[in-house]
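Enquirer:
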Amino acid sequence: MKLLYRAGGAAVVFAGLGAVYLHFSGGRVTDPAQSSATIFQIPAGELEALKQVGKTGDCAAAYRLAHHFSFALNQRDDAIYWLRIAARCPNADAKAELVYMLLGPSDKGEIAQEIDQLVLELEKTSPGQAQEVKKEVALRRAGKP
23 MKLLYRAGGA AVVFAGLGAV YLHFSGGRVT DPAQSSATIF QIPAGELEAL
73 KQVGKTGDCA AAYRLAHHFS FALNQRDDAI YWLRIAARCP NADAKAELVY
123 MLLGPSDKGE IAQEIDQLVL ELEKTSPGQA QEVKKEVALR RAGKP
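Each step along the sequence shown adds one to the number in this note's numbering, with nothing skipped, and position 130 is 152.
#1: Thinking just about the alpha-carbon of each residue, which of Phe93, Leu140, Ala108 and Gln151 is nearest to the one in Lys73?
#2: Just the C-alpha distance for Leu69 and Ala116, rounded to the nearest angstrom, thanks.
#3: From Leu87 to Leu140, what distance separates their C-alpha atoms?
#4: Specify the secondary structure class of Gln97 as computed by DSSP and reduced to three states.
#5: Locate the alpha helix (DSSP H) running through Ile64, then write down its first and last residues.
#6: Are there 16 or more other CB atoms within 10 angstroms of the CB of Glu119, so buried, or fewer, so exposed?
#7: Leaving out five residues on either side along the sequence, give the residues of the same chain with a beta carbon under 7 Å from the beta carbon of Ala114.
#8: In this structure, does DSSP put Ser148 in helix, strand or coil?
#9: Near Gly126, which residues of its chain fall below 7 Å by C-beta distance, leaving aside the five closest residues on each side in sequence?
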């Protein structure tokens with residue numbers, strides 16, 4: 023299992039065939055695993071309204087939409103679009119998640135500059151998280167998974 027996302031008392035982990043959502047407390051899982059598609063799915067009737075709010079720069083809406091497109095629908099490009107909006111806000115998690123989504127074989131030129139800028143912004147608001155992200159960036163750029 024590989025940790026994809028962790029915040030507060032919840033985590034999304036990759037478990038072989040897909041991502042699962044776990045609640046934990048004191049290092050122990052407290053609820054049965056649930057599919058991330060179920061957890062992050064936004065009902066169709068709410069989706070368009072949330073998109074309109076997100077396009078105005080609303081951090082929470084953009085971040086929620088990023089998770090919907092990433093975890094519920096596995097639509098990477100749409101998730102990156104919404105994470106870029108969410109990352110303009112002080113949300114360190116949005117910045118870190120955007121870095122992780124941008125890392126890859128095409129992490130060159132403008133994408134590499136965007137990653138480096140996000141890491142610099144993280145250093146200002148969340149130095150510990152920035153260190154974790156910097157380590158991952160260095161590993162990926164060295165060709166290690």
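Glycine residues also receive a C-beta, built at the ideal position from the N, C-alpha and C atoms. For clarity, every value in this text was computed on a predicted model and none was experimentally measured.
Expert: A quick look at the data gives this:
#1: Taking the first residue of the sequence shown as position 1, residue 73 is located at position 51. In terms of CA proximity to Lys73, Ala108 leads the group Phe93, Leu140, Ala108 and Gln151.
#2: Taking the first residue of the sequence shown as position 1, residue 69 is located at position 47. Taking the first residue of the sequence shown as position 1, residue 116 is located at position 94. If you take the alpha carbons of Leu69 and Ala116, they lie about 19 Å apart.
#3: Stepping through the sequence shown from its first residue, residue 87 is reached at position 65. Stepping through the sequence shown from its first residue, residue 140 is reached at position 118. Cα-Cα distance, rounded: 20 Å.
#4: In the sequence shown, the residue the question calls residue 97 occupies position 75. Residue state for Gln97 is assigned as coil, using DSSP reduced to three classes.
#5: Your numbering for residue 64 matches position 42 in the sequence shown. No alpha helix (DSSP H) contains Ile64, which DSSP labels as neither H nor E.
#6: On the sequence shown, residue 119 is found 97 positions in, with the first residue counted as 1. When all chains shown are included, Glu119 counts as buried.
#7: The residue you call residue 114 lines up with position 92 of the sequence shown. Here the set comprises Leu144, Thr147, Ser148 and Gln151.
#8: Here residue 148 refers to the residue found at position 126 when the sequence shown is read from its first residue. It is coil, neither helix nor strand.
#9: The count along the sequence shown starts at 1 and reaches residue 126 at position 104. None.
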